[in-house]
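Student:
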Amino acid sequence: MKSNMTQATTKVLTAHVPLPMADKVDQMAARLERSRGWIMKQALSVWIAQEEERDRLTQEALADVDAGRVIDHLAVQAWADSLSTDQPLSVPR
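Oh and the sequence shown: position 78 is 78 in UniProt numbering, straight run, nothing missing.
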């Protein structure tokens, strides 16, 4: 009989971390009643998602630059300088 569940293929990754960080992982694992591995997978998943989003935003910004969708530095500087005045400028577009 064939099982409907597929077993995930995994790979062991090893990292040396400072002892205080390892202690915090152990404390969180105990508090959440989860394994150390589960904690590490959660943390790594969040970091990977963050880095993928950072890369996506960087690529989007570079495409804007290539297309000429930029704001002049002097206009941004003038706007920033005006923020501490009684009459701040509108956000440059």
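Heads up, the beta-carbon is just placed ideally off N, CA and C, and yes, glycines get one too.
Just so it is clear, the structure is predicted and the values come from calculations on it, not from any experiment.
Give me the Cα-Cα distance between H73 and K41, rounded to the nearest whole angstrom.
Tutor: Going by the C-alpha atoms only, they are around 42 angstroms apart.
Student: Could you give the first and the last residue of the continuous alpha helix (DSSP H) run that contains P20?
Tutor: Run containing P20: L19 to L32, per the alpha helix (DSSP H) assignment.
Student: Short check: CB of I71 to CB of P88, under 7 angstroms?
Tutor: No, these two residues do not count as a Cβ contact at 7 angstroms.
Student: In angstroms, rounded to a whole number, what distance separates the CA positions of L32 and I39?
Tutor: The alpha-carbon atoms of L32 and I39 are separated by roughly 9 angstroms.
Student: Would you check if the distance between the CB atom of R36 and the CB atom of V46 is smaller than 7 angstroms?
Tutor: Not a contact, by the Cβ cut-off of 7 angstroms.
Student: Assign K41 to one of three DSSP states: helix, strand, or coil.
Tutor: K41 falls in the helix class under three-state DSSP.
Student: Could you have a look at H16 and say whether DSSP puts it in helix, strand or coil?
Tutor: If DSSP states are grouped into helix, strand and coil, H16 belongs with coil.
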